[in-house]
Amino acid sequence: MLHFKMYEQLPPEAVQIRQEVFVEEQGFEVEFDETDHYARHIVLFDDETPVGVCRFYLDGDKNAYVLGRVAVRKEFRGRSFGLMLVQEAEKQVRALRGDKLLLAAQTRVREFYAKQGYAAEGEEFLDEYCPHIWMSKAL
140 MLHFKMYEQL PPEAVQIRQE VFVEEQGFEV EFDETDHYAR HIVLFDDETP VGVCRFYLDG
200 DKNAYVLGRV AVRKEFRGRS FGLMLVQEAE KQVRALRGDK LLLAAQTRVR EFYAKQGYAA
260 EGEEFLDEYC PHIWMSKAL
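Residue numbers (the working numbering): 140 to 278.
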């Protein structure tokens, strides 16, 4: 049975998934940062197995919540788990009375977010040599 758990601190399940996806698969070197200390982390479980993760936090400078680190373990892809994580984050942000969600999408998955109603903002930029673009959605 699928279910979400939300954490105020970075849980080991999220560390494991992000390590697998962003470090081992995609080659990012700076995966864990200070944002992890104040972000809320959502983990999607299939029974007791952690299958996906994301985080979100309020960015006072941007006056919006920021979604990031959306990742699904390789063996669980193709089952809409990424979509479920994004929708759960949107639900949680709405519950906190947030009305806008931003994210820095890897440009290769830009269309995934566009299908969920996110619009590109500004120019592409590099994050550890990987092209990204800011996207936003009114909630």
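Note that CB positions come from ideal geometry on N, CA and C, so glycine has one too.
Just so you know, these numbers come straight off a predicted model, no measurement behind them.
Arg179: member of the beta strand (DSSP E) spanning Arg179 to Asp185, first to last residue. Looking at the DSSP output, Ala243 shares a beta bridge with Trp273. The Cβ atoms of Arg179 and Arg194 lie closer than 8 Å to each other. Under the three-state reduction of DSSP, Lys230 is assigned to helix. The continuous stretches of beta strand (DSSP E) do not include Arg236, and DSSP gives it neither H nor E.
Membership of Glu214 in any alpha helix (DSSP H) is not indicated, and neither H nor E is assigned to it by DSSP. Non-local beta-carbon contacts of Phe264 in its own chain, meaning distances under 7 Å to residues more than five positions away in sequence, involve His271 in chain order. For Tyr146, the enclosing beta strand (DSSP E) covers residues Leu141 to Tyr146.
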